[in-house]
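K.L.:
Residue numbers (UniProt numbering): 1 to 361.
(1) Short of 8 Å in beta carbon distance, which residues of its chain neighbour residue 16, apart from the five on each side in sequence? Order them along the chain.
(2) Alpha carbon to alpha carbon, how far is residue 100 from residue 311?
(3) CB-CB under 6 Å to residue 52, same chain, minus the five flanking residues each way: which ones, in chain order?
(4) What does the Cβ neighbour count give for residue 209, buried or exposed, with the cut at 16 atoms within 10 Å?
(5) Would you check if the distance between the CB atom of residue 37 and the CB atom of residue 91 is smaller than 8 Å?
(6) Between the Cα of residue 139 and those of 291, 167, 121, 217, spot the shortest distance and give me the residue it belongs to.
(7) Going by DSSP in three states, residue 310 sits in which element: helix, strand or coil?
(8) Based on the DSSP output, what are the partners of residue 196 in its beta bridges?
(9) Could you pull the start and end residues of the alpha helix (DSSP H) that residue 109 belongs to?
(10) What is the residue span of the alpha helix (DSSP H) that residue 29 lies within?
(11) Ordered along the chain, which non-local residues of its own chain (more than five positions away) have a Cβ less than 6 Å from that of residue 246?
(12) From which residue to which residue does the alpha helix (DSSP H) around residue 363 run?
(13) DSSP three-state label for residue 92, please.
(14) Excluding five sequence neighbours on each side, which residues of the same chain lie with their C-beta closer than 7 Å to the C-beta of residue 349?
(15) Would you tell me roughly how many angstroms separate the C-alpha atoms of residue 29 and residue 281, rounded to the nearest one?
(16) If you follow the alpha helix (DSSP H) that residue 448 is part of, which residue opens it and which one closes it?
(17) Work out the CA separation of residue 149 and residue 322 for me, nearest whole Å.
(18) I believe residue 287 touches residue 242 by the beta-carbon criterion, under 8 Å. Please report the beta-carbon distance rounded to the nearest angstrom.
(19) Run through the region 277–345 for me and flag every whole alpha helix (DSSP H) of 4 or more residues, listed as ranges in chain order.
(20) What residue ranges within the region 196–245 form continuous alpha helix (DSSP H) runs of no fewer than 4 residues, ordered along the chain?
(21) Note down the Cα distance separating residue 147 from residue 125, rounded to an integer number of angstroms.
(22) Give a yes or no on contact between the region 196–210 and the region 162–176, applying the rule of three or more CB pairs nearer than 8 Å.
(23) As a quick exercise: from 129, 130, 131, 114, pick the residue whose alpha carbon is nearest that of residue 123.
(24) With distances taken from CA atoms, which of 105, 179, 75, 162 is nearest residue 20?
(25) Look at the alpha carbon of residue 264 and the alpha carbon of residue 226, and state the distance between them as a whole number of angstroms.
(26) Do you know whose CA, among 45, 71, 87, lies nearest residue 35's CA?
(27) Which stretch, first to last residue, makes up the alpha helix (DSSP H) that contains residue 148?
(28) Taking the Cβ atom as the reference point for each residue, do residue 320 and residue 284 lie within a distance shorter than 8 Å?
(29) Residue 188: buried (16+ other C-beta within 10 angstroms of its C-beta) or exposed?
(30) Residue 63 lies in the alpha helix (DSSP H); which residues open and close that run?
(31) Assign residue 2 to one of three DSSP states: helix, strand, or coil.
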C-alpha cells in the first residue's frame, strides 16, 4: 500500500470551470480562457510523460479512469493527493480573479474527481495574494472529509514566515490541515521576480535545477520568524524541492542561532527541532548521486524514516515510480516512506499489516 502525495490532475477544457465561477470572471474565461503568466521561458519541454495522454486525446491528468489504470491500480496506490496544475495562479496580480479561480478549481475537483474513486483525496487551493479570502476558502471547504491539505504555490513576493499570512495559518490550524508548498510555474515571475538567488533564470532547465533554493529560504523564514511558536499545531510539507539541502540547512540554522539567538528571541528550541515537529519533504525528485550509498547517507542525515513521504509527480516528465527509492533501504524505512509517514501526517488509516505467527498485527 502506498500514499502518493503529489498527483497533478486537471480539466479536459477550461469550460468545465464555468459553472463554478461568478461574474465577471465567468464571462471573461468563457471568452478569453485563463490568464497566463509567461516570461519568455520555454517550458513545454518540462511537460508530461508521452504516455499519459488519455485515449480520447484530452490533456494528461484530466481523465480519472485513465489515471486510475495508469497510476492507482498499477502501483497499488491507497490514496492519491490531487494537487492540480494551476501553479501560475498565485503569480497573477489580481487577487479577486485568483480567489475566484482557485475556488472554482476546488469545486470542480469535488464534483468531477472525488466521486470517481474513493482513493482520490484533494488539496485545497488558496490564493495567498489575499490571506483573508484564502482563510474564508479554508473555512468553506476545510471540513470536507476528503480535503487533506491546504495548497500553496511558491510564487510570492512575501516570504511565508511573514505575519501577512497569519490569517491563512490560523484557518489551517483550526481545521487541522497541513500546508503543502509546490514550486510555482517557471515562467510566472511577476509575483516572484527573482526565482533563483542569482536573479532571473534564462531557461526552464536552470529554474528547475534551482528550485531547492526556494525551499531553503522559505524553511528558514518559517522557522526563524517564529511561525511555529505562533501556530504550534501548524505543519508544512514541501513538494518537488529535492531533499539533500535539508541537513545542510538544519546544521547551519542551529550553528548560527547559537550565536545570534537575540535576533529570533521568540524561538524556544533549536531550529532543527522545529523541522522535526512541523515539516516534511516529499521524495520526488530525489537527488541522483553517482554512488547509491551517498543517497542512503542523505536519507540517514535527514531522518528519512520520519520526515520523508512518497510522491510520484504524475503525469509529469520526471515522474518517479515507488521503485525509485534506493534499493539499500530497510523494509521498515521503505514502508514508512511509502505509506506510514503520510498516514500519520494526514490522519489517514494506518496500514494493514500481515498478522504474525501469533495472529497479532
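Yeah, the Cβ is synthetic: ideal placement off N, Cα and C, and Gly gets one too.
P.N.:
Checking against the coordinates, here is how it stands:
(1) Exclusion of the five residues before and after residue 16 leaves 108, 112 as the residues of its chain whose Cβ lies within less than 8 Å of its Cβ.
(2) Roughly 28 Å between the two C-alpha positions.
(3) Only 60, 315 meet the Cβ criterion.
(4) Its Cβ having fewer than 16 others within 10 Å, residue 209 is exposed.
(5) Between residue 37 and residue 91, the gap from beta carbon to beta carbon is short of 8 Å.
(6) Checked all of 291, 167, 121, 217; the closest Cα to residue 139 is 167.
(7) When secondary structure is reduced to three states using DSSP, residue 310 falls in the coil class, being assigned neither helix nor strand.
(8) Bridge pairing for residue 196: 199 [DSSP].
(9) Taken as a continuous stretch (DSSP letters only), the alpha helix (DSSP H) holding residue 109 covers 95–112.
(10) Unbroken alpha helix (DSSP H) run through residue 29: 25–32.
(11) Within the same chain, Cβ atoms closer than 6 Å to the Cβ of residue 246 are found at 302, the five residues on either side in sequence being excluded.
(12) This structure leaves residue 363 out entirely; the chain is present only between 1 and 361.
(13) Three-state result, residue 92: coil.
(14) Once the five neighbours on either side are set aside, the close Cβ partners of residue 349 are 343.
(15) Roughly 35 Å between the two C-alpha positions.
(16) In the structure displayed, the chain extends from 1 to 361; residue 448 sits before or after that span and is not available.
(17) When rounded, the distance between both Cα atoms is 22 Å.
(18) That pair is a contact at about 6 Å.
(19) Restricted to the region 277–345, the alpha helix (DSSP H) segments that are unbroken, complete and at least 4 residues in length are 292–301, 304–307, 331–335, listed in chain order.
(20) Listed in chain order, they are 204–209, 211–224, 227–230.
(21) C-alpha separation (whole angstroms): 10 Å.
(22) Contact between the region 196–210 and the region 162–176 is absent, with fewer than three C-beta pairs closer than 8 Å.
(23) Per the Cα distances, 114.
(24) Looking at the Cα atoms, 105 is the closest of the given residues.
(25) Roughly 8 Å between the two C-alpha positions.
(26) Residue 87 is the option with its Cα nearest to residue 35.
(27) From DSSP, residue 148 is part of no alpha helix (DSSP H) but of the beta strand (DSSP E) over 147–153.
(28) Yes; because the gap between Cβ atoms is below 8 Å, this pair is in contact.
(29) A caution first: residue 188 carries a pLDDT of 47, below 50, which makes its placement in the model too unreliable to give a value.
(30) Looking at the DSSP string, residue 63 is not in any alpha helix (DSSP H), and its letter there is neither H nor E.
(31) Look at residue 2 here: in three-state DSSP terms it is strand.
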